[in-house]
Amino acid sequence: MFDYLNIIFLETYKILFLLVPVLTAVAMIVWLDRRVWAFVQKRRGPNVVGPFGLFQSLADALKYLFKEIIIPASANKIIFILAPIVTMTLALIAWAVIPFSENFVIADINVGILYLFAVSSLGVYGIIMGGWASNSKYPFLGSIRSAAQMVSYEVSIGIIIINVLLCVGSLNLTDIVLAQKNLWFIIPLFPMFVIFFISALAETNRPPFDLPEAEAELVAGYQTEYSGMMYAMFWLGEYANILLMCALGSILFLGGWLAPIEVFPFNFIPDFVWLIFKILFLFILFSLVKAIVPRYRYDQLMKLGWKIFLPMSLFWVVITASYLFYFNLLPGN
Amino acid sequence: MIAHSIFFYIFSFVAIFSAIMVTVSKNTVHSVFFLILDFITISCLFIMIGAEFLGMIMLIVYVGAVAVLFLFVVMMLNVAQQKKQWFSSIGSSKHIPLGVLISVIIFFELIVVIGGWKFKPDVASLMSLSPNAEISNTHSIGNILYTDYIHLFQLSGMILLVAMIGAIVLTFRKRSGLKRQSYFSQISREREDSVELMDVNSKQGVDIDA
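In order, the protein sequence lines correspond to chains L and R. Under the numbering used here, the first residue of the first sequence is numbered 92, with each subsequent residue one higher. Under the numbering used here, the first residue of the second sequence is numbered 5, with each subsequent residue one higher.
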């Protein structure tokens, strides 16, 4: 019995060791997002609270914490309360399989990439539940848009993942990173990286694909009826999902924790720092896109997903498979 | 093994409970959420017996895609919530005999199927191979699916494709008077097609409809 307790304590310790930094990072990343966005538009952004405005997110969190939680009278209470919890939980449990170095990963499972894909496809439930349970038109419309968008772009993300898996021959995330020891997959699979990046924007409802919360049309989409801490949980979950997508992109294409070149100043930096650098790099790209690109129209969004990205990525699967087969490079041979 | 069995019983209890709740709950949307809970617990059970690939595929396909469509249909149809208490309408309902008949038939069918169940003689020898073998079950499923059963696999793919095309053909309606954006005609527009310079005489104007 004590063995079990020991294992439970050890695992809890490991989980806290990962989750506390991730949550802090989510708060910081909100600040970074707003700063980058402001700099592109020649504004200052949040710069008052703390040095460089670093504690802005903390102040915001306190504000949300002390606000009253309002539940609409006609809302379905259980599902209304469950929705932000589901969003937040799903955004956090996905971090269990992200490898920060060869030995630091909470759950080194065989089907890590499938797990990530499954969790990100479950993410749509928080939004549908929130939109439906609010019992109001705008949230419902927003959640329908969001669900259709996320389901469509998941298809192309799945096929892009197949491309990478063809080159690796394993579903384990650690194996995927180790397979990039000589060549990061961004070089042979560059078009796939571009499509992955854009699909990730759509999957996380980021601008220019933030139609679910297009404020000009839908007030705030599925979040309209939420207030106080529940709104903050949606918000945190959304940013945790964005960070997760950045982590997935850096693991699939940018070599995860690997240094770009294995020479002195580079390999002296610890592994997890490299992964954090890559995640931050992708995240800054995310926020640049938010500042630069105007919002898409909904039919354009669907057209892009189904008529351009899906055929492109399928075509690239054929190319990758034929290339690997012809030159006898298929893993496992 | 204690923790293992505790988790097994928790998951199976939740699975059976939510399966019952799917049929019993009065709100249809709640039924779909219980169905989703059922799918999730069943995929947990798959993972517990070591079939992690099946469990994950179950999550991705059923929970990530199929149940979302269910949820949409149920939410959009806006089925009126059943106000009556369960069991209260048993005496008045005329569908009860039919329901009882169908459930009796299904029950006997299940008895026939399960009673006549026999393992193939070589199953026992195969079972000792896979679970503890070096290769992961993703590899072993792939090895079987793409070699021995490739024709069935392709056939089921074809059936799904035909079903998909059929569904699209049945529901596709061409509406007239719809404005569609055509990138090609937008890009290929020249200045000559759209701009014309005219000398306008004073007090006569120009006929723009011509």
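Here a beta-carbon is modelled for each residue, glycine too, at the ideal position from N, C-alpha and C.
Cα atoms of L:Leu145 and L:Glu353: separation of roughly 34 Å, rounded to the nearest angstrom. Between the segment 177–195 of chain L and the segment 248–260 of chain L, the count of C-beta pairs closer than 8 Å stays below three; the two stretches do not touch.
Inter-residue distance for L:Val242 and L:Ser212 is about 7 Å (C-alpha atoms, whole angstroms). Assignment of L:Ala239 by DSSP, reduced to helix, strand and coil, places it in the helix class.
Taking all protein chains shown into account, R:Met62 has 16 or more neighbouring C-beta atoms within 10 Å of its C-beta and is therefore buried. When the beta-carbon positions are compared, L:Ala166 and L:Asn97 stay at least 8 Å from each other. For R:Gly119, the enclosing alpha helix (DSSP H) has its first and last residue at Ile100 to Gly119. L:Ile342 is outside the set of residues whose beta carbon lies under 8 Å from a beta carbon in chain R.
Of all residues in the segment 184–214 of chain L, only Ile200, Asn201, Val202, Leu205, Tyr206, Phe208, Ala209, Ser212 and Leu213 come within less than 7 Å of chain R when Cβ atoms are compared, listed by chain position.
The C-beta separation of L:Arg125 from L:Pro137 comes to about 6 Å, placing the pair in contact by the 8 Å criterion. By the Cβ criterion, the segment 173–184 of chain L is not in contact with the segment 338–358 of chain L, since fewer than three pairs of Cβ atoms, one from each stretch, lie closer than 8 Å. Residues of the same chain with a CB within less than 8 Å of the CB of R:Phe50, apart from the 5 flanking positions on each side, are Glu56, Leu58, Gly59 and Met62 in chain order. Here R:Asp203 is exposed: its Cβ has fewer than 16 other Cβ atoms, across all protein chains shown, within 10 Å.
A Cβ of chain L is located within less than 8 Å of the beta carbon of R:Gly68. If you look at R:Ile163, you'll find it in the alpha helix (DSSP H) that goes Ile154 to Thr175.
Neighbourhood of R:Phe57 in chain L, by CB distance below 9 Å: Asn201, Val202, Leu205 and Leu262, in chain order.
If you look at L:Ala311, you'll find it isn't in any alpha helix (DSSP H); DSSP assigns it neither H nor E.
Around R:Met79, the beta-carbon contacts reaching into chain L at under 7 Å are Trp223.
In the three-state DSSP reduction, L:Leu205 falls in the helix class (H, G or I). Below 8 Å, enough C-beta pairs join the segment 322–338 of chain L and the segment 205–220 of chain L to call them touching: three or more. A Cβ-Cβ contact shorter than 8 Å links L:Ser341 with L:Ile370. For L:Met220, the enclosing alpha helix (DSSP H) has its first and last residue at Val215 to Ala224. A straight-line Cα-Cα distance of about 11 Å links L:Phe374 and L:Arg297. In the structure shown, R:Val210 adopts coil according to DSSP, grouped into three states. A direct Cα-Cα distance of roughly 18 Å separates R:Ser160 from R:Val70.
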